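Residue numbers are given in numbering that gives the first Met the number 0: position 444 of the sequence shown equals residue 443, and the series is strictly consecutive.
As structure tokens, the structure follows; a few thoughts come after it.
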Amino acid sequence: MTLPENTADRTFQVDLRGLVDLLSHHLYSSPRVYLRELMQNAVDALTARHALEPAAPAGSFGIRLYAGRSVVRVEDDGVGLTEADVHTFLATIGRSSKRADGIAEQRGDFIGQFGIGLLSCFLVADEIHVVSRSARTPGAPAVEWRGRGDGSYTVRTLPASARPAPGTTVTLTPRADAAEWTAPARVQHLARHFGSLLRHPVTFDDGSGGSAVPVNPEPAPWARTYPTPGARSRALAAYGEEVFGFTPLDTLELDLPAVGLKGIACVLPEAVPAGRRHGHRVHVKGMLLSEQAEEILPDWAFFVRCVVDAESLRPTASRESLYEDDTLAAVRDALAERLRAWIARVAASDPELLHRFLQAHHLSVKSLAVHDDEILRMLLPWLPFETTDGHCTLDEFARTHRTVLVTSSVEEFRQVAAIASAAGLGVVNGGYTYDRELVHRLPEIRPEVSVADLDPATLTAHLDPVDRETELAAAAYLALARDALAVFDCDVALRSFQPASAPALLVDSREARHERTRSRLAREQEGGLWGDILGALQQEAPRAQLILNQLNPLVRTAVAIDEPELARTSAEALYGQAALLSRRPLRPAESSLINRSFLDLLAHALRKDS
0 MTLPENTADR TFQVDLRGLV DLLSHHLYSS PRVYLRELMQ NAVDALTARH ALEPAAPAGS
60 FGIRLYAGRS VVRVEDDGVG LTEADVHTFL ATIGRSSKRA DGIAEQRGDF IGQFGIGLLS
120 CFLVADEIHV VSRSARTPGA PAVEWRGRGD GSYTVRTLPA SARPAPGTTV TLTPRADAAE
180 WTAPARVQHL ARHFGSLLRH PVTFDDGSGG SAVPVNPEPA PWARTYPTPG ARSRALAAYG
240 EEVFGFTPLD TLELDLPAVG LKGIACVLPE AVPAGRRHGH RVHVKGMLLS EQAEEILPDW
300 AFFVRCVVDA ESLRPTASRE SLYEDDTLAA VRDALAERLR AWIARVAASD PELLHRFLQA
360 HHLSVKSLAV HDDEILRMLL PWLPFETTDG HCTLDEFART HRTVLVTSSV EEFRQVAAIA
420 SAAGLGVVNG GYTYDRELVH RLPEIRPEVS VADLDPATLT AHLDPVDRET ELAAAAYLAL
480 ARDALAVFDC DVALRSFQPA SAPALLVDSR EARHERTRSR LAREQEGGLW GDILGALQQE
540 APRAQLILNQ LNPLVRTAVA IDEPELARTS AEALYGQAAL LSRRPLRPAE SSLINRSFLD
600 LLAHALRKDS
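Laid out in structure tokens, this is it:
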């Protein structure tokens with residue numbers, strides 16, 4: 000498209016204060032990141048210096064931090080900047096010095112990639128003072144750059160004495176409102192927090208006149224040598240406890256040479272609440288990136304917390320999380336495989352540790368077993384389930400029950416557990432997450448066992464019918480009871496079953512209740528002739544069933560009542576008691592029925608006494 004003649008190219012105008020406000024509220028999580036950004040720039044400068052001088056001994060270049068009452072300073076022996084570099088990179092927002100000639104092809108060696116880190120210093124100071132001397136240009140003078148929060152800056156060259164050796168010094172004069180982040184003790188803490196695993200030597204001086212103290216005196220624990228494997232395991236576990244604040248159930252060493260990742264995974268000693276995930280501590284080339292990186296492991300691995308240091312993972316623009324790419328996906332898959340291998344090893348060689356692990360983390364393992372056939376075969380016999388024989392493993396349960404019935408909900412299991420147990424039926428509670436799917440896969444491990452969903456008809460078929468004389472004697476009562484409970488779409492029957500202490504069994508499912516509610520709403524919304532027609536066409540919704548136990552003394556007394564109102568009230572009371580025993584949420588009408596039936600029975604007793 001051809002521009003009109005009166006149209007001219009223009010450049011964007013940047014409001015630096017507005018940009019800094021944007022960074023502080025939407026990119027960085029806290030002003031404390033200013034020190035991480037300065038240390039990160041220093042590390043990248045040292046990396047570039049080593050690329051220029053590969054023969055230099057390890058540790059010959061380092062970083063020095065200083066924090067006094069009114070100044071924070073970060074100094075490095077890195078590659079430094081020329082005057083042209085200063086104009087090009089420090090004064091151009093969004094351009095990174097890592098694109099400089101001669102090192103652009105090595106960008107993967109650097110932590111920072113976005114060239115905006117220096118702006119984070121304006122979160123705590125109104126002026127940034129930089130003095131730098133380039134190692135790439137022999138005899139280059141020192142260069143001073145002063146940038147201010149209003150967007151202005153000055154550049155000048157200095158005599159060689161201002162910076163005798165290559166490197167960079169960044170000095171901040173903190174604002175009064177930034178004292179929380181720039182006090183000497185806080186700066187030292189942040190330096191250790193972010194830089195404890197850096198490979199270059201880092202020291203801190205608090206200006207008190209004493210000697211500088213090392214920030215990272217030792218390499219990462221997995222990079223050290225130990226006299227014995229046991230000593231190594233104990234040291235890694237101690238490091239995990241120091242970092243995370245809990246004693247690990249076990250500690251796995253992680254090593255993925257293809258991406259330069261090393262670290263540990265600490266198995267949590269207690270279960271993680273449902274829906275809650277712990278983040279992991281991720282370092283990139285030694286610099287702490289995030290303490291809450293969830294994306295490095297799959298969702299099912301919430302039984303561990305990791306601390307890792309990686310070479311090839313890419314940070315996002317804020318350098319506080321990881322960029323989702325193929326490398327991260329490959330790392331996630333590889334770490335997941337390490338966790339599977341650990342579970343397999345523990346299952347094969349350490350039953351005591353496996354028992355403690357499953358006690359705490361059976362839900363996580365169940366989620367894995369649903370989709371992982373190998374884990375399923377290894378651990379399904381060991382996983383605990385709620386059954387009519389109590390909490391036990393499926394392996395134990397299958398020894399006494401060749402036919403295993405599984406409920407679709409916790410509510411359904413609690414309705415039938417006592418009666419099913421007394422009838423000799425083997426029922427597993429399938430209402431918990433993953434349990435129903437796993438129980439149905441039991442025949443893959445034990446082919447001699449069959450698994451089926453529990454059908455109410457299966458249970459009622461195991462309840463003994465009463466003799467005809469007893470049924471005829473109770474017919475009038477049962478008719479009154481059906482009439483009283485018709486409002487709940489509930490039928491009433493009389494049977495004999497154990498335990499005799501159970502007066503009644505309410506057989507009803509969540510699906511049946513939902514279907515009845517849907518049918519009722521459909522009838523209410525479609526009035527008149529069309530409502531009648533639609534109602535006739537709809538399939539009749541399944542009814543609940545209140546099964547009275549003839550072996551129970553309370554039921555035998557109730558069916559003999561010859562007062563119609565008292566009989567109706569007793570039926571309502573038996574329904575309410577059975578609904579309570581089912582442990583499902585009560586509908587408002589059911590709560591009202593329970594209260595009303597209790598009051599009516601109490602009133603009847605008082606009238607009789609008087």
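Yeah, the Cβ is synthetic: ideal placement off N, Cα and C, and Gly gets one too.
Since this is a predicted model, take the numbers as computed values, not measurements.
Worksheet entry | Where the beta strand (DSSP E) through ARG233 begins and ends | From DSSP, ARG233 is part of no beta strand (DSSP E) but of the alpha helix (DSSP H) over 228 to 243.
Discussion item. Taking the alpha carbon of THR326 as the reference point, which residue from GLU52, PRO256, ALA472, ARG145 has its own alpha carbon closest?
Written reply: PRO256
Worksheet item: Do you know offhand how far VAL73's Cα is from ILE263's?
Response: 31 Å
Worksheet item: Hey, LEU493 and ILE546: beta-carbon distance below 9 Å or not?
Response: yes
Practice prompt. Look at the Cβ atom of ALA483, then the Cβ atom of GLU571, and state whether they are nearer than 9 Å.
Written response: yes
Worksheet entry | 9 Å Cβ cutoff met for GLU36 and SER131 | no
Discussion item. According to DSSP, simplified to helix, strand and coil, what is PRO216?
Written reply: coil
Practice prompt. Within 10 angstroms of the Cβ of PRO464, are there 16 or more other Cβ atoms? Answer buried if so, exposed if not.
Written response: exposed
Worksheet entry | Residue from TYR433, SER160, GLU395, ALA236 whose Cα sits closest to the Cα of GLY138 | SER160
Practice prompt. Give the straight-line distance between the Cα atoms of THR459 and GLU351, rounded to the nearest whole angstrom.
Written response: 42 Å
Discussion item. Given this structure, state the Cα-to-Cα distance separating GLY389 from SER420, to the nearest angstrom.
Written reply: 10 Å
Practice prompt. Please report the residue range of the beta strand (DSSP E) in which TYR152 lies.
Written response: 152 to 157
Discussion item. For GLN414, report the span of its beta strand (DSSP E) as first-last.
Written reply: No beta strand (DSSP E) contains GLN414, which is instead part of the alpha helix (DSSP H) from 409 to 421.
Item to complete: Answer with buried or exposed for GLU179, where buried requires no fewer than 16 other C-beta atoms within 10 angstroms of its C-beta.
Response: exposed
Worksheet item: Residues in its own chain within less than 8 Å of HIS49 by CB, not counting five upstream and five downstream?
Response: ALA55, PHE60
Practice prompt. Along the alpha helix (DSSP H) that carries ASN40, what are the first and last residues, could you check?
Written response: 32 to 51
Discussion item. For ALA566, which residues in the same chain have their Cβ closer than 6 Å to its Cβ, ignoring the five residues on either side in sequence?
Written reply: TYR476, LEU479, ILE560
Discussion item. According to DSSP, simplified to helix, strand and coil, what is ARG98?
Written reply: Note that ARG98 scores 43 on pLDDT, short of 50, meaning its location in the model is unreliable; the coordinates nonetheless yield the value given after this. Three-state DSSP puts ARG98 in a helix.
Worksheet item: Which of the three DSSP states, helix, strand or coil, is assigned to ILE374?
Response: helix
Worksheet item: So ALA359 packs on LEU267, CB below 8 Å; how close in whole Å?
Response: 7 Å
Practice prompt. Determine the contact status of ARG135 and THR81, defining contact as a CB-CB distance below 9 Å.
Written response: yes
Item to complete: Pick out the complete alpha helix (DSSP H) segments inside the segment 300 to 343, 4 residues or longer, and give them in chain order.
Response: none
Worksheet item: In terms of alpha-carbon separation, which member of PRO226, THR224, SER207, HIS199 lies closest to PRO213?
Response: HIS199
Fill in: Sequence-distant residues of the same chain with beta carbon closer than 8 Å to GLU612, five excluded per side
An answer regarding residue 612 cannot be provided, because it is not within the stretch 0 to 609 covered by the chain.
Worksheet entry | Contact belief for VAL123 with TYR33 at Cβ below 8 Å, rounded distance in angstroms | 5 Å
Discussion item. So, does the segment 307 to 317 touch the segment 337 to 355, judging by three or more C-beta pairs under 8 Å?
Written reply: no
Worksheet item: Which residues in the same chain as PHE243 place their Cβ atom closer than 7 Å to its Cβ, once the five residues preceding and following it in sequence are excluded?
Response: CYS265, ARG304
Fill in: Whole-angstrom C-beta distance between VAL405 and HIS439, which should lie under 8 Å
7 Å
Item to complete: Write down the C-beta distance between LEU393 and LEU362 rounded to the nearest angstrom, noting that I regard them as a contact closer than 8 Å.
Response: Not a contact, Cβ separation roughly 15 Å.
Discussion item. For ALA485, count the other beta carbons within 10 Å of its own beta carbon; 16 or more makes it buried, fewer makes it exposed. Which is it?
Written reply: exposed
Item to complete: Ignore the nearest five residues each way along the sequence and tell me which others in ASN551's own chain have a CB closer than 6 Å to its CB.
Response: ALA499, PRO502
Worksheet item: Quick one, are the C-beta atoms of VAL281 and TYR238 less than 9 Å apart?
Response: no
Discussion item. Could you check whether GLY77 and THR167 sit closer than 9 Å to each other, using their CB atoms as the reference points?
Written reply: yes
Discussion item. So that I know if they touch, is there some Cβ in chain B lying closer than 9 Å to that of PRO442?
Written reply: You won't find chain B in this structure, because it holds only one protein chain.
Worksheet entry | First through last residue of the alpha helix (DSSP H) which encompasses HIS439 | 434 to 439
Practice prompt. Please name the residue, chosen from THR46, GLU589, PHE121, that lies closest to SER29 on a Cα-to-Cα basis.
Written response: PHE121
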